[in-house]
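Going by numbering that gives the first Met the number 0, the first residue of the sequence shown is number 0, and it counts up by one from there.
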Amino acid sequence: MQVLRTDAARDVGVMPCQTTDPEVFQDREHQRLAKSLCAGCDLKRACRRYARTHREWGTWGGETNEERAAAGYLPRGSTKDYWQRRSVLPAS
């Protein structure tokens, strides 16, 4: 898995997600790494906003599926019931 250090990426005008295996941002196993790569990114807020608007899956702007669902932005194709069963959302 290739990961370019965040500060080095900024120095050359490249965002960490552009130089990292995309699976890192889709795989629950790598959520901590994905969040740490997003933490120092200047586009973090824009990326998060994009994911919320387009109902994306994965870690975007340092925010996971679960965190977006808890904030009321369900990923595309999922239902409120799905997130309630996973204890991300309170039962109705």
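Using N, Cα and C, we set each Cβ at its ideal position, and we do this for glycine too.
Environment of residue i [buried if 16+ CB atoms lie within 10 Å]
i, result
"A96", "The requested residue 96 does not occur in the structure, where the chain is confined to residues 0 to 91."
"G61", "buried"
"M0", "Residue placement at M0 is poorly supported in this model, since its pLDDT is 43, which falls under 50; the coordinates are not used for a value here."
When the options are compared against residue i, the one with the closest alpha-carbon
i, options, result
"G39", "E28, E55, Q25 and M14", "M14"
"D26", "R47, R75, G57 and C16", "G57"
"C46", "R31, H29 and F24", "F24"
"A33", "E66, T78, R67 and P21", "P21"
"P74", "R84, S91 and A50", "A50"
Residue(s) in a DSSP beta bridge with residue i
i, result
"E62", "W59"
Integer-rounded CB distance, given that residue j should sit under 8 Å from residue i
i, j, result
"Y72", "R54", "7 Å"
"T52", "L36", "The pair is not a contact, with the Cβ atoms about 21 Å apart (cut-off 8 Å)."
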